[in-house]
Every structure is written in structure tokens, then in C-alpha cells.
Amino acid sequence: MKIKQVFDKIRGEIALLAGLFIISIISLKFIFFKEDFITIIRLVFSFFFVFIIPGFAAMLYWKNKLNFSERLVIGTGLSAALTGIASYYIGIIGLDIKYHGYLIPSAVIIAGFAIYYKKFIS
Numbered sequence: 619m620k621i622k623q624v625f626d627k628i629r630g631e632i633a634l635l636a637g638l639f640i641i642s643i644i645s646l647k648f649i650f651f652k653e654d655f656i657t658i659i660r661l662v663f664s665f666f667f668v669f670i671i672p673g674f675a676a677m678l679y680w681k682n683k684l685n686f687s688e689r690l691v692i693g694t695g696l697s698a699a700l701t702g703i704a705s706y707y708i709g710i711i712g713l714d715i716k717y718h719g720y721l722i723p724s725a726v727i728i729a730g731f732a733i734y735y736k737k738f739i740s
């Protein structure tokens, strides 16, 4: 199975994530009405990049057993836990904390999609 076929299977869920992203931007703009629009977008993007998307990618393995909302909620908690634990141990190794926000979510996203890809190849 090619990578394009794997992404075709989750295209609808990516659209749901994009809708959730837009709803989050609109909601936070109403809450923080004095802030600039770009600040709200940065806030929502950083929250999605650190918590939502890595958790979603990590939970793709259970795509057939859990529906989208269950995987989103469990994945958000899982991503928060993985980010905290991995950040602690990477800090002990000696990597500066300014790289943790890029390195850890990217690694979880890549690992999640790789496991999903490998599951549907065999």
C-alpha cells in the first residue's frame, strides 16, 4: 500500500481536525477579543502541534476499534503525557529545552504515521 492510499483513508479525519482548528480559532477570538488575530492563530496552532496532532497520530493504530472523538480525547491526554515524560528524559540527556517543542511532537507524529503505515502494509 502506498503512502497516498494511507492518507486517503484518513482524509476525512484530517478534515475534521481542520474544522476543529477553525472552531478553536473562532472560539478563542471571542474569548480573547482584545488580542490580535495572529496571536490567536499562533496559540491554537501551538496547542494543536504539541497536544492534538501527535495524540491523533499516536492513536491511528486503533482507528478501527475507536471512533474519531474517542481517539481525539485519549490521544490528547496521551500526547500530553508523552510530551512531559519525553521532555524530562531528553532534558536529563542534555538537549536544551528550546528544542523540545519541535523535536518531541515531530517524533511522535512521525512514529504514529509510521506505525499506521506499517500496520496496513502487512
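Residue numbering for the sequence shown follows the working numbering, starting at 619 and increasing by one per position.
No residue lacks a Cβ here, since even glycine has one placed at the ideal position from N, Cα and C.
Discussion item. Spatial neighbours of Gly693 within its chain, please: C-beta separation below 7 Å, excluding the five flanking residues on both sides.
Written reply: By 1-based counting over the sequence shown, the position of residue 693 is 75. Here the set comprises Gly673, Phe674, Ala676, Met677.
Worksheet item: Taking Cβ positions, are Leu646 and Leu661 nearer each other than 8 Å?
Response: Locating residue 646 in the sequence shown gives position 28, counting from the first residue. Locating residue 661 in the sequence shown gives position 43, counting from the first residue. In this structure, Leu661 lies closer than 8 Å to Leu646 by Cβ.
Item to complete: Mind listing, in chain order, the continuous alpha helix (DSSP H) runs of no fewer than 4 residues lying wholly within the segment 636-715?
Response: 655-665, 671-676, 686-711
Worksheet item: Taking Arg629 as the reference, which of Glu653, Tyr720, Lys681 has the closest Cα?
Response: As a working mapping, residue 629 is identified with position 11 in the sequence shown. Among Glu653, Tyr720, Lys681, the Cα nearest to that of Arg629 belongs to Lys681.
Item to complete: Measure the C-alpha to C-alpha separation of Ala729 and Tyr735 and round it to an integer number of angstroms.
Response: Working through the sequence shown from its first residue, we reach residue 729 at position 111. Working through the sequence shown from its first residue, we reach residue 735 at position 117. For Ala729 and Tyr735, the distance between alpha carbons rounds to 10 Å.
Worksheet item: If Ile727 sits next to Ile671, beta carbons under 8 Å apart, how far is it from one beta carbon to the other, in whole angstroms?
Response: The count along the sequence shown starts at 1 and reaches residue 727 at position 109. The count along the sequence shown starts at 1 and reaches residue 671 at position 53. Indeed they touch by this definition, with Cβ atoms about 6 Å apart.
Worksheet entry | Sequence-distant residues of the same chain with beta carbon closer than 8 Å to Tyr679, five excluded per side | Numbered from its first residue, the sequence shown carries residue 679 at position 61. The answer, listed in chain order, is Gly730, Ile733, Tyr734, Lys737.
Worksheet item: Alpha carbon to alpha carbon, what distance is there between Thr701 and Lys716?
Response: By 1-based counting over the sequence shown, the position of residue 716 is 98. By 1-based counting over the sequence shown, the position of residue 701 is 83. Whole-angstrom Cα-Cα distance: 13 Å.
Item to complete: Report the option in Glu653, Ile621, Leu690, Leu721 whose CA atom is closest to the CA atom of Glu631.
Response: By one-based count along the sequence shown, residue 631 stands at place 13. Closest option to Glu631, Cα to Cα, is Leu690.
Discussion item. Please classify Ile722 as buried or exposed, where buried requires at least 16 other C-beta atoms within 10 Å of its C-beta.
Written reply: On the sequence shown, position 104 is the one that residue 722 refers to. Classification for Ile722: buried.
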